[in-house]
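J.:
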Amino acid sequence: KKKVFSGVQPSGIPTIGNYVGAMKHFVKLQDEYDCTYCIVNQHAITVPQDPKELKARTRELAALYLALGIDPDKSNIFVQSHVPAHAQAAWIVQCNTYIGELERMTQYKDKAAKQESVSAGLLTYPPLMVADIILYNTDFVPVGDDQKQHLELTRNFVQRFNNKYAKEKDLLVMPEPMIPEEGSRIMSLQEPTAKMSKSDTNVKGFISLLDEPKVILKKIKSAKTDSSGVIEYDKENKPGISNLLTIFSAFTDKSIKELEAEFAGSGYGYFKEQLAEAVIAVLEPIQTRYKELLESDELDRVLADGAQRASEIANKTLHKMESAIGLA
Ligand code: AQP
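Residues are numbered in full-length UniProt numbering as their position in the sequence shown, beginning at 1, plus a constant of 1.
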């Protein structure tokens, strides 16, 4: 079986953007691929986090993974900091990556602009992500559009490392991004030209997977649209309604064309109510399962087992890397 790896940061509660762009696909992939899904808490500390909250969010994200339908018998779920090989491999990656490459990353530039002081870790976040991916001999990485550039960096690193240290046989597996054709970039409800983010300080900009139904309805009702009142997809001129159509399509598996036809002549108010209903219909059962899981000790067992299974694979790759460069 080909191998899939992906991760989500416990930097907030995942949004419907994280869901549509990445997490929704995690579940489908587990039958066909050998999947590893990580809670990347070391990535989260590249910007300030409250320790208690970070710990709680980490466990909550694990519960959400399971509530979404990720099956620990099929996929491996673990917490990044439980597997030290990630930080160890990241150091090797950093020493074979150029500062210029990292300074060009748009996510770094965007996040750095929002910080009063920028940690070195924010700059070296991509090498840690490279380490996450290569340690599991990953073939495919299901991610949203914002991670495309980091995946490109990963591929460049793999090629460079293999060329330099493993001339005869490829040491590291070349990964490929798996970016959905639609919904790879869900936009903020309040600012539809900016990406929806779980750490947005304006909570009206995103819908979290744990928002209550009445909050979901309220946020969708107050989503920014335009004054034309026509429900049609036009990303350039009508980014707000286009974003809502994309979300609607992702939550119902109806195409945007079908939705345009269905809602031709309806007003934005009615459309938004129907959209909220569709989102709630998907999220409510997930939320129910989530609450049950959070209180059970099944979660802790899954994470302990996951870390052990992950360590075995990760340590093997790390050892190969260390041997190749003369560290072992
Ligand atoms: N708006 C989005 N639309 C589609 N996909 C998205 N992803 C993130 N935002 C959107 C994808 O979700 C996965 C997990 O993201 P992450 O936790 O690794 O961090 P991120 O990409 O930085 O996402 P956020 O929500 O913006 O987090 P914060 O606010 O902490 O930075 C990734 O596959 C990502 O592409």
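Note that CB positions come from ideal geometry on N, CA and C, so glycine has one too. Bear in mind that the values here come from a model prediction, so they are computed numbers and not experimental data.
1) Nearest CA to the CA of Pro-181: which residue from Lys-25, Gln-43, Gly-13?
2) What do you get for Asp-201, buried or exposed, if any count of 16 or more other CB atoms within 10 angstroms of its CB means buried?
3) Check whether the Cβ of Lys-273 lies closer than 7 Å to any heavy atom of the ligand AQP, and answer yes or no.
4) Going by alpha carbons, who is nearest to residue 333 out of Ala-224, Trp-92, Lys-165, Ser-7?
5) Considering only C-alpha positions, which residue in the set Ile-135, Val-303, Ile-217 is nearest to Leu-154?
6) Are there any heavy atoms of the ligand AQP lying less than 7 Å away from the beta-carbon of Met-106, as far as the coordinates show?
7) Less than 8 Å between C-beta atoms, sequence neighbours within five positions excluded: which residues of the same chain meet that for Thr-194?
8) Look at Val-142 and Ser-7 and say whether their C-beta atoms are less than 8 Å apart.
9) When every heavy atom of the ligand AQP is checked, does at least one fall within less than 7 Å of the C-beta of Gln-95?
10) What residues in its chain sit with their C-beta under 6 Å from that of Thr-289, if we drop five residues either side in the sequence?
11) Any heavy atom of the ligand AQP inside 7 Å of the beta-carbon of residue 1?
12) How is the alpha helix (DSSP H) around Ser-229 delimited, first residue to last?
13) Rounded C-beta distance between Pro-15 and Leu-65? I'm assuming under 8 Å.
T.: Quick look at the numbers:
1) Lys-25
2) buried
3) no
4) Only positions 2 to 329 of the chain appear in this structure, which leaves residue 333 out of reach.
5) Ile-135
6) no
7) Met-188, Pro-240
8) yes
9) no
10) none
11) Outside the displayed span of the chain (2 to 329) sits residue 1, for which this structure offers no information.
12) It is not in any alpha helix (DSSP H) - Ser-229 carries neither H nor E in the DSSP assignment.
13) 6 Å
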